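These protein sequence lines map, in sequence, to chains A and B. Mind the numbering: the first sequence is residues 360 to 578 in our numbering, read in order. Mind the numbering: the second sequence is residues 6 to 216 in our numbering, read in order. Please read the structure below before turning to the comments.
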Amino acid sequence: MDGVHDMGGMDGFGRVEPEPNELAFHEVWEGRVMAMTRAMGAISTWPIDMQRFSREQLPPHIYLATSYYQRWLLGMRQMLLGRGLIDADELAAGHALRPGAPLERGPFTVADVPRVMTRGSFGRPASAPARFKVGDRVRARNIHPRTHTRLPRYARGHAGVVERVQGCHVFPDTVATGQGEQPQWLYTVVFESRELWGPDADPALKVSIEAFEPYLDPA
Amino acid sequence: MADHDHGPDHDHKGGSELSETQLRVRALETILTEKGYVEPAALDAIIEAYETKVGPHNGARVVAKAWTDPAFKKALLEDASKAVGTLGHVSRVGEHLVAVENTSKTHNMVVCTLCSCYPWDMLGLPPVWYKAAPYRSRAVKDPRGVLADFGVTLPKDTEIRVWDSTAETRFLVLPVRPAGTEGWSEERLVELVTRDSMIGTGLARTPGEAA
């Protein structure tokens with residue numbers, strides 16, 4: 360979706376503010392939200408791209424006015440409500456009003472922690488050979504799906520070169536909407552700055568994206 | 006505002022919004038616990054791991070090893086997940102890790118314009134600025150301006166290569182080994198490797214800075 364989360368190239372957000380000796384969490388609740396998201400993701404089959412899509416769908420004014428972990432909280436609540444794992448009246452009451460739904464992989468216990476501390480593999484067997492090889496010129500498609508995609512707006516329509524073939528991976532665009540993993544070849548595609556940002560761009564800049572095969576055409 | 010990414014909790018007028026978020030989080034945890042979905046102790050364990058076990062020291066060990074061991078460096082640049090997996094002290098590294106080498110000609114910098122993708126197992130949780138709008142918006146268009154915000158100036162002809170983490174591949178920058186460290190042990194070199202140098206928003210410390 361053409362959401363406000365897709366920030367690459369936008370102006371007006373100001374300076375980056377590095378914070379010396381930053382803590383892992385600035386508030387206790389941030390850690391709880393992160394941990395709950397990990398735990399519920401692990402036991403309820405909530406793939407990472409569904410999680411991302413839930414946050415991307417926050418209205419732009421909410422997305423921009425909330426902190427990172429507030430967005431996680433809002434996204435998680437929507438997911439839990441959407442799947443019937445909790446109900447709105449329970450959120451209002453602040454405690455459970457009826458028993459939990461049966462979960463194949465629940466409950467999440469201390470023994471499950473090591474599992475969420477390791478990132479899983481997103482590589483999958485390929486059903487067809489890769490369409491592109493290193494050195495091929497490709498053009499990012501000018502697509503505007505209303506749902507989740509990992510093709511950033513700033514790259515759409517622009518031509519670049521395949522620099523790496525990263526294997527065949529779970530396809531975020533389908534997994535985010537429950538249409539399954541539909542694995543696709545993944546490429547590192549590198550763009551010249553002037554191709555992306557016009558003739559005034561810094562000539563000594565190159566930008567790459569990780570692009571799934573359905574995002575690309577031969578150029 | 007999101008440019009600080011602390012949100013209303015830090016912009017609030019009377020403090021009510023802070024308690025609002027805290028109350029919502031507490032309520033949700035109570036519900037999930039009462040419904041039997043999660044054990045609070047398991048949540049504690051996840052938080053503790055991120056506060057104490059996972060952090061940039063993991064990446065720093067990898068970088069120092071690459072600086073001192075050419076065979077390891079070669080293996081790291083070919084397949085970082087595999088190479089890091091051979092090191093006993095950094096266990097459980099995720100797949101799809103890619104190491105990219107800074108040189109006098111090319112400076113690599115990593116961003117996730119779409120959310121916050123970051124090599125957690127190498128560097129820990131991403132800092133607030135990495136997840137916030139100023140960095141995500143500008144890194145791909147004005148990386149020299151971003152570097153200036155970090156107090157870093159590169160020669161004009163140094164090529165800047167920005168890696169947008171738009172999939173599950175994760176990027177670790179191998180910073181340039183500082184001059185004046187010839188003969189240093191891996192243990193000593195680790196102290197020069199900063200988190201930001203492995204994101205590409207900083208350089209490794211010089212021996213003078215570390216002293």
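Glycine included, each C-beta is placed from N, C-alpha and C at the ideal position. On a predicted model such as this, the values are computed, not experimentally measured, just so you know.
{"query": "Alpha-carbon to alpha-carbon, B:A71 and B:L179", "result": "8 angstroms"}
{"query": "As assigned by DSSP and simplified to three states, the class of A:P577", "result": "strand"}
{"query": "Distance between A:E551 and A:R430 (C-alpha atoms, nearest Å)", "result": "33 angstroms"}
{"query": "Interface partners of B:W168 on chain A, CB under 7 angstroms", "result": "S567"}
{"query": "Alpha carbon of A:P504 to alpha carbon of B:S190, nearest angstrom", "result": "52 angstroms"}
{"query": "Candidates A:D576, A:V548, A:Y427 and A:M399, of which the one nearest A:R335 by Cα", "result": "Residue 335 of chain A lies beyond the range of chain A shown here (360 to 578); nothing can be said about it."}
{"query": "Cβ distance (whole Å) where A:M395 is taken to contact A:S413 below 8 angstroms", "result": "In fact, because the Cβ distance is near 14 angstroms, the residues do not count as touching under 8 angstroms."}
{"query": "Pick from B:R143, B:L102, B:A54 and B:L119 that is closest to A:T508, judged by C-alpha positions", "result": "B:L119"}
{"query": "Span separating the alpha-carbon of B:C117 from that of A:L423", "result": "16 angstroms"}
{"query": "Proximal residues of chain B, C-beta to C-beta of A:R391 below 7 angstroms", "result": "V30, E34 and L48"}
{"query": "Run of the alpha helix (DSSP H) containing A:M409, from where it starts to where it stops", "result": "I407 to E415"}
{"query": "C-beta contact flag for B:P132 and A:E386 at 8 angstroms", "result": "no"}
{"query": "Extent of the continuous alpha helix (DSSP H) run through B:G129", "result": "Run containing B:G129: none; DSSP gives neither H nor E here."}
{"query": "Bounding residues of the beta strand (DSSP E) (the contiguous stretch that carries A:T533)", "result": "Premise fails: A:T533 lies in the alpha helix (DSSP H), P531 to V534, not in any beta strand (DSSP E)."}
{"query": "Alpha-carbon spacing of B:I204 relative to A:V534, whole angstroms", "result": "28 angstroms"}
{"query": "Range of the contiguous beta strand (DSSP E) that encloses B:E164", "result": "E164 to D169"}
{"query": "Residues near B:E164 by beta carbon distance below 8 angstroms, same chain, minus five either side", "result": "K110, T111 and H112"}
{"query": "Within 9 angstroms of chain B by C-beta, residues of the segment 371–397 of chain A in sequence order", "result": "G371, F372, G373, R374, V375, E376, P377, E378, E381, L382, A383, F384, H385, E386, V387, W388, E389, G390, R391, V392, M393, A394, M395 and R397"}
{"query": "B:M114 in three-state terms, based on DSSP", "result": "strand"}
{"query": "CB contact flag (A:M366, A:E415, <8 angstroms)", "result": "no"}
{"query": "Straight-line gap, B:L37 to B:A46 (C-alpha atoms, nearest Å)", "result": "13 angstroms"}
{"query": "Where B:R149 meets chain A, residues with beta-carbon distance less than 7 angstroms", "result": "D561"}
{"query": "With 16 other Cβ atoms within 10 Å as the buried cut-off, status of B:A65", "result": "buried"}
{"query": "Helix, strand or coil at B:S121 [DSSP, three-state]", "result": "coil"}
{"query": "Contact the segment 48–62 of chain B vs the segment 479–489 of chain A: 3+ CB pairs below 8 angstroms", "result": "no"}
{"query": "Proximity below 8 angstroms, CB of B:V30 to CB of A:R391", "result": "yes"}
{"query": "Ranges of the alpha helix (DSSP H) found wholly within the segment 491–537 of chain A, counting only runs of at least 4", "result": "531–534"}
{"query": "Residues bridged to A:K565 (per DSSP)", "result": "A:E551 and B:R166"}
{"query": "According to DSSP, residues forming a beta bridge with A:A487", "result": "The partner list for A:A487 (beta bridge, DSSP) is empty, contrary to what the question assumes."}
{"query": "CB of B:F176 within 8 angstroms of CB of B:V115, strictly", "result": "yes"}
{"query": "Chain-order list of residues whose beta-carbon lies under 6 angstroms from that of B:V67 (same chain, five-residue window excluded)", "result": "V89"}
{"query": "Residue span of the beta strand (DSSP E) that contains B:V103, given as start and end", "result": "L102 to E106"}
{"query": "Given A:A489 as reference, the closest of A:P511, A:V521 and A:D561 once Cα atoms are compared", "result": "A:V521"}
{"query": "Residue from B:G93, B:L92, B:K161 and B:P124 whose Cα sits closest to the Cα of B:V105", "result": "B:P124"}
{"query": "For A:W405 and A:D471, the rounded distance between their alpha carbons", "result": "16 angstroms"}
{"query": "Span separating the alpha-carbon of A:A451 from that of B:T26", "result": "13 angstroms"}
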